[in-house]
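Numbering (my numbering), first residue to last: 1096 to 1188. Read the structure below first, then the notes.
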């Protein structure tokens, strides 16, 4: 399932379908780490039991910057509980 992603100047916002609140938008700045992104998701919805981020099906390091991962234009996945989503990548200019 694709994650709606909108790219702004030096930022992105992504829409995740959270278990309790449904569609929820999160802003990702160039400094947002995987740990910070996961923390924001868990704060938004306490029903989540796990959040994992993968690049090319490999776990991503906690200190990686989410926006930098999106810029790589490689398959970036997010697993919320048992559901795996794919981020839309930044369009090529």
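Here a beta-carbon is modelled for each residue, glycine too, at the ideal position from N, C-alpha and C.
Check residue i in the structure and name its three-state DSSP category.
{"i": "residue 1179", "result": "strand"}
{"i": "residue 1165", "result": "helix"}
{"i": "residue 1130", "result": "helix"}
{"i": "residue 1150", "result": "strand"}
{"i": "residue 1103", "result": "strand"}
{"i": "residue 1172", "result": "strand"}
Have a look at the options and flag the residue whose alpha-carbon is nearest the alpha-carbon of residue i.
{"i": "residue 1103", "options": "1117, 1121 and 1111", "result": "1121"}
{"i": "residue 1142", "options": "1180, 1115, 1107 and 1174", "result": "1115"}
{"i": "residue 1137", "options": "1149, 1119, 1153 and 1154", "result": "1119"}
Does the Cβ-Cβ distance between residue i and residue j come in under 8 Å?
{"i": "residue 1151", "j": "residue 1125", "result": "no"}
{"i": "residue 1128", "j": "residue 1147", "result": "no"}
{"i": "residue 1113", "j": "residue 1144", "result": "no"}
{"i": "residue 1111", "j": "residue 1175", "result": "yes"}
{"i": "residue 1162", "j": "residue 1173", "result": "no"}
{"i": "residue 1098", "j": "residue 1149", "result": "no"}
When DSSP builds the beta bridges, which residues end up paired with residue i?
{"i": "residue 1119", "result": "1111"}
Using the beta-carbon count (16 or more within 10 Å), is residue i buried or exposed?
{"i": "residue 1156", "result": "exposed"}
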